[in-house]
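Residue numbers (the numbering used here): 70 to 209.
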């Protein structure tokens with residue numbers, strides 16, 4: 070399967086005084102892409118979202134490289150999401166935000182699986198690991 074591509078809408082409030090999507094809003098777009106990719110309504114990879122969930126999936130690290138500005142537009146942009154690492158209680162998601170096929174942002178997030186009650190790390194299940202690794206670039 071390798072990377073999954075999901076549409077991500079832009080909001081007018083994502084833009085700054087220069088008329089392009091603000092750097093802080095970019096991290097929000099990554100979040101939107103992540104949720105659309107991993108918590109698909111029909112077949113979610115990750116446990117349910119919510120404060121009462123037994124397992125939480127938390128961001129442990131974010132890295133963003135801005136290649137080009139993203140101007141506001143009505144049409145959604147494309148977000149490619151793939152998995153580059155999956156070990157123990159964490160995994161790394163890589164992102165590319167594209168406008169009309171042009172890469173504007175490259176980013177990654179390290180995601181940590183934790184017990185919702187104790188906050189302690191909890192290992193990925195074999196099924197989660199398998200499904201995540203299906204999003205690895207060499208998974209095809």
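Beta carbons are placed, not taken as given, at the ideal position from N, Cα and C, and that holds for glycine.
Would you list the residues sitting across from residue 101 in a DSSP beta bridge? In the DSSP output, where bridge partners are listed per residue, residue 101 has none listed.
Scan the stretch 89-137 and note each continuous beta strand (DSSP E) run of 3 residues or more that stays entirely inside, going in chain order. 124-135
Among 104, 117, 132, the one whose alpha carbon lies nearest that of residue 179: 132
Residue 198 in three-state terms, based on DSSP: helix
Can residue 136 and residue 174 be called in contact, C-beta distance under 8 Å? yes
Paired residues, beta bridge with residue 146 - DSSP: Residue 146 has 77 as its beta-bridge partners, per DSSP.
Since residue 167 is in the beta strand (DSSP E), which residue starts that stretch and which ends it? Boundaries of the beta strand (DSSP E) harbouring residue 167: 159-168, taken from the DSSP string.
In chain order, what residues of the same chain lie with their CB nearer than 7 Å to the CB of residue 172, ignoring the 5 residues before and after it? 136, 165
Reference residue 150; option with closest CA among 144, 104, 111: When each option's Cα is compared against that of residue 150, the closest is 104.
CA-to-CA distance, residue 198 to residue 124, given in whole angstroms: 15 Å
With DSSP as the reference, identify every bridge partner of residue 173, one or two as the case may be. Beta-bridge pairing links residue 173 to no other residue.
Three-state secondary structure (DSSP) at residue 82? helix
Pop quiz: residue 183 and residue 192 are said to be a contact at Cβ under 8 Å. What is the actual Cβ separation, rounded to whole angstroms? Actually they do not touch by this definition, with Cβ atoms about 11 Å apart.
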